[in-house]
Structures are given as C-alpha cells and as structure tokens.
Amino acid sequence: MTRQPLLRIAFTVLLLMTTSATASDGYQAHCGQCHGASGQGNDALGAPNLTRLSAAYIQRQLEGFRAGWRKSDDSHTQTMMAAIASLDAQVLASATSAIESFPDANRKAESTHTGDEKRGKDLYNAYCSACHGTNAIGNDALGAPNLLGLSQTYLSRQYLHFAEGRRGGHPDDRYGQQMARLAKALKDPKLINDVSAYVASLAK
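Just so you know, we're using the working numbering here: the sequence shown kicks off at 2 and counts up by one.
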C-alpha cells in the first residue's frame, strides 16, 4: 500500500474519532447531568433511560421540545424544554449520535415493580401491543417508542399525562395525539400501574 492511501485511511479514522468525541462532548454538556453519562436515566430527575430508544424517536422528541409541541405542565418537561430551547439542530443531532453509541442500560435490576404483572400483561396485550409490539420494542413506522428499559415510574407518569390530556394535545404532535386518544380507553391509575409493572419487568 502506497503512502497516499495510508494517509487517507489515517485521516478518515482521525475524522471519525473526532466526530465521535465531539458528539460525546455535546451530549455530556447538554444531557448528561440529568440522563447520566451513559444515557441510563435518573428517575429522581424525571429523566428516562435513553439507550433503547431509536434515533428517529429521540430526534423527533428533541425537535418537539425545542419547537414547543412536546410539552406538558409538569416540572420535568418544563426543565427539558428550557434546557434545549437555545440548541440548534446540529447540536441535537450530535447528542442523538452520542446516545446511539451507548450500550443498552438494564433498568430491571434497579427498579422495584409494584402492581399485578399478570393483569398488566393482559391489559398490555389488549391496549398497547398493536402499536408497541408484543415484546414492547416499539415501531418507528407508527411513532411508537421502544418501552424496554424505561422505568415503571416513568412509564406510569407519561401514560397518565396522555390519559389526562396533559401530553399529546398539540396539533403538531401527530403521534402524541394518537397516543392521547388511545390512552383514554384505560384511565384507572391502578390498572396503568399494573401495565407499567409488566412492561418494566420485560427489560433484560
């Protein structure tokens, strides 16, 4: 191999390393404080595990937070909207790229699941599996995120927000509106807790 191709290869490798480092730096600067250094999330801050969510879903939600249509009246959402209000599309794409590089975080061992998981499974299959899949891995074509790895606390809170009309009401939030309509079919907090307990138990 001649010197010139070797130099091109070395430059390409260096460029990829630099791009990766830049993406990681952007994530740590704007996201890591709440979502953790490896995207594992923090329930105390209302920050979900990001490592099993698709890049398409993450990018769409980030754009929604910045544009104002991914909103709710709770303090966690308000904090998120304020945190990224001034960030441009390039920074958001960089953060998403960094998240894609993180290994899947297993939250199953970190959470105590309260609720009737057997009943939750039956309810999940009846109300949720058509969009999120029988194994809760989601479907980007339907705008349905992967639910695996999300904590029971986060799952219950977000579902209640949809059911109560606190999320998914903006006309630009196409998939959020879809979820809000469907969530109204199951509004009992106890049953929602059973479903979230079941889903949280699936993480491996």
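Glycine is no exception: its CB is placed at the ideal position from the N, C-alpha and C atoms. Being a predicted model, the structure only gives us computed values, none of them experimental.
- For P146 and D105, the gap between their C-alpha atoms comes out near 15 Å.
- Of the candidates L149, R71, S55, S87, R71 places its Cα closest to the Cα of G166.
- Per DSSP, the beta bridge partners of N140 are A145.
- Taken through DSSP and simplified to helix, strand or coil, N43 comes out as strand.
- Contact between the segment 27-35 and the segment 115-126 is absent, with fewer than three C-beta pairs closer than 8 Å.
- Within the model, the alpha-carbon separation for G139 versus V200 is close to 12 Å.
- About 18 Å separates the beta carbons of G134 and N50, which is beyond the 8 Å limit, so they are not a contact pair.
- Secondary-structure assignment with DSSP links A48 through a beta bridge to N43.
- Q29 counts as exposed, since fewer than 16 other C-beta atoms from the protein chains shown sit within 10 angstroms of its C-beta.
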